[in-house]
Each structure stands twice: as structure tokens, then as C-alpha cells.
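Okay, so here's the structure we're looking at.
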Amino acid sequence: MPDGDDLPKPRELLAARDSAEALFDTLRAWFGVPGHVTIDLRGVDSAVEELGDPQFIMAMAMRKLQALHLLTTPGVRTTTDVVLTVIQDLERALLQAPGMHLRHEAAETDWDAALAELDGNGEAEPTADAEGAAEASRQDELEAFRRHHAALHEAARAVLRASDGEIRRLI
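Sequential numbering of the sequence shown, starting at 146, is according to the working numbering.
Spelled out as C-alpha cells, the structure:
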């Protein structure tokens, strides 16, 4: 039974559930994040190497997306400050993800083979249609990522509007 201070979750927040799932899947695909990640908690400075690893950074963002996915579930009680904090925590990683993905992809590319294909020495020369389709696919993927990221911003704005900027319970 709702309390007088409870607010229904805004539809934009409920809609962010699908975006959290899509972003989670995209980060896994882009960065090859495994199903399990171990966090080194031996000491306060033991994370230095981990926190510079793009795969680990994205794994941590994926964990926040799991939390957001839970918070956007109908019937799961939360508060406005928790929702806004989780979305804010995701912001830096989601802003950096497309560029990090391109750098990761470039690092994984066999540039000798790619240059051989350009020179016509490769086994199979890609057609202009195939190259165009691959580029269109990459652009579609990037646009979908941006759309889902924007949905998190819309959810945050909706939570702020619904609560008049105050900490309130959401149901």
C-alpha cells in the first residue's frame, strides 16, 4: 500500500529498464567483459592497475546498469536520490565508452592484414557494398547506444520533476 510520501515511478524511469539492458549488452560486446569479474580488495591501492583497464571500467559500469535495471523494476521500492546517484555514477563511463571501444577495436586489429587488403594482397578484397554495410551497422550501433544513454538522462530529469528535487520514495 503506497504511503503518502510515495511517488509512482515516472514512465521515463520505467522505460530506462530496457535501456539499461541494451547498454549492458553493448558494453559486454564492445569490451568482451566476461560473465564474472574479480575485484582486488587486498589494499586501498591494489586497484590501480584494474582501474586503468577499459574492460574492468566497463565491468564496473555494467554492475551499475544491473543496479539501475533493478531500480527500474515496477514494484521495487527505491528513493529518488538512489536512482539519481546510480545514473550519475554511470555517466562518465557511458560518455567514454564509444571512444574507448574504437581504441580497443584499433588495438585488436591486425593492421598488416588490413593494409594488405587495401593493397590488394589480401585473400579476399571486400566490396564497397560490404564495407558500406559494415559502416552502416557500426553507425546504427553507435546511434542506438546514444539513444539508450539519452534515455537515462530523460529518466533522471523525470525523477527530478516528479519529486520537485526532494528525496522521495518511488514505487
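Beta carbons are placed, not taken as given, at the ideal position from N, Cα and C, and that holds for glycine.
Asked                                                                                                                                                                   : Found
Looking at Ala160 and Ala289, is the spacing between their C-beta atoms short of 8 Å?                                                                                   : no
How would you write the range of the alpha helix (DSSP H) that Glu262 sits in, first residue to last?                                                                   : 256-263
Between the Cα of His214 and the Cα atoms of Glu157, Glu166, Arg187, which residue gives the shortest distance?                                                         : Glu166
Assuming Ala104 and Met203 are in contact, meaning their beta carbons sit under 8 Å apart, how far apart are those beta carbons, in whole angstroms?                    : Residue 104 is absent from the model: the chain starts at 146 and stops at 316.
Starting from Leu213, follow the alpha helix (DSSP H) in both directions and report where the run begins and ends.                                                      : 199-216
Please classify Ile232 as buried or exposed, where buried requires at least 16 neighbouring CB atoms within 10 angstroms.                                               : buried
Can you name the start and end residues of the alpha helix (DSSP H) that Glu250 belongs to?                                                                             : 225-253
Could you tell me the boundaries of the alpha helix (DSSP H) in which Thr171 lies?                                                                                      : 156-176
Does the beta-carbon of Thr183 have 16 or more other beta-carbons within 10 angstroms, so that it is buried, or is it exposed?                                          : exposed
Assess contact between the segment 217-225 and the segment 247-262, defined as three or more Cβ pairs (one per stretch) separated by less than 8 Å. Is contact present? : no
Return helix, strand or coil for Arg314, following the three-state DSSP convention.                                                                                     : strand
Give me the DSSP bridge partner(s) of Leu152.                                                                                                                           : Leu315
Is it right to say Thr230 is buried, meaning 16 or more other beta carbons lie within 10 angstroms of its own, or is it exposed?                                        : exposed
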